[in-house]
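Student: 357 is the number of the first residue of the sequence shown in this note's numbering; add one for each residue after it.
Think of the CB as a built atom: it goes at the ideal place given N, C-alpha and C, for glycine as much as any other residue.
Source: prediction; values computed, not measured.
Quick one: the structure is below, and I'll ask about it shortly.
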Amino acid sequence: MKHVFATLTVALVLSVTARADDPAVVHNVFFELKDKSADAKKKLVDACYKYLKSHDGVLHFGAGVRAEDVKEKVSAADWDVGLHIVFKDKASLAKYARHPDHLKFIAENKENWKGVKVYDSEIDPSRK
Numbered sequence: 357m358k359h360v361f362a363t364l365t366v367a368l369v370l371s372v373t374a375r376a377d378d379p380a381v382v383h384n385v386f387f388e389l390k391d392k393s394a395d396a397k398k399k400l401v402d403a404c405y406k407y408l409k410s411h412d413g414v415l416h417f418g419a420g421v422r423a424e425d426v427k428e429k430v431s432a433a434d435w436d437v438g439l440h441i442v443f444k445d446k447a448s449l450a451k452y453a454r455h456p457d458h459l460k461f462i463a464e465n466k467e468n469w470k471g472v473k474v475y476d477s478e479i480d481p482s483r484k
């Protein structure tokens with residue numbers, strides 16, 4: 357089984373090897389917490405900065421709490437902390453996903469997650 361996983365991992369990495377015209381990837385993660393206290397939210401934001409900010413291929417990084425005073429009809433309110441990372445390419449996102457710091461972030465914080473939503477989108481490099 358380990359060999360199958362290793363083979364699939366290598367195949368994934370090779371399939372997303374960066375080219376000059378590869379799009380950047382925006383990785384947005386929205387966490388709904390079990391404990392919605394200000395301290396719990398701050399703890400998760402701090403962990404985002406500690407474990408997730410300094411990865412290869414990160415062009416932009418940000419994490420913070422939901423702007424609760426923004427109450428537009430289309431504004432989702434089913435989350436507490438947002439994580440926003442722009443990677444230079446899909447290969448950088450794939451490397452980040454299996455990095456030990458990312459895995460440690462998950463292990464140390466998942467106990468307080470009621471739900472997690474991940475949205476990944478491409479930024480077309482020709483549309484500058």
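1. For lysine 451 and leucine 459, I'd like the C-alpha separation in whole angstroms.
2. For the candidate residues Glu428, Val385, Ser448 and Asp457, whose alpha-carbon lies nearest to that of lysine 406?
3. Given a threshold of 16 other Cβ atoms within 10 Å of its Cβ, counted over all protein chains shown, does isoleucine 479 qualify as buried or as exposed?
4. Select from Lys409, Ala463, Asp395 and Asp378 the residue whose C-alpha is nearest the C-alpha of isoleucine 441.
5. Would you tell me roughly how many angstroms separate the C-alpha atoms of glycine 420 and glycine 438, rounded to the nearest one?
6. Please identify the residue among Lys398, Leu400, Ala447 and Ser393 whose C-alpha is closest to the C-alpha of aspartate 378.
Tutor: So, from the listed chains and residues:
1. 12 Å
2. Asp457
3. exposed
4. Lys409
5. 6 Å
6. Ala447
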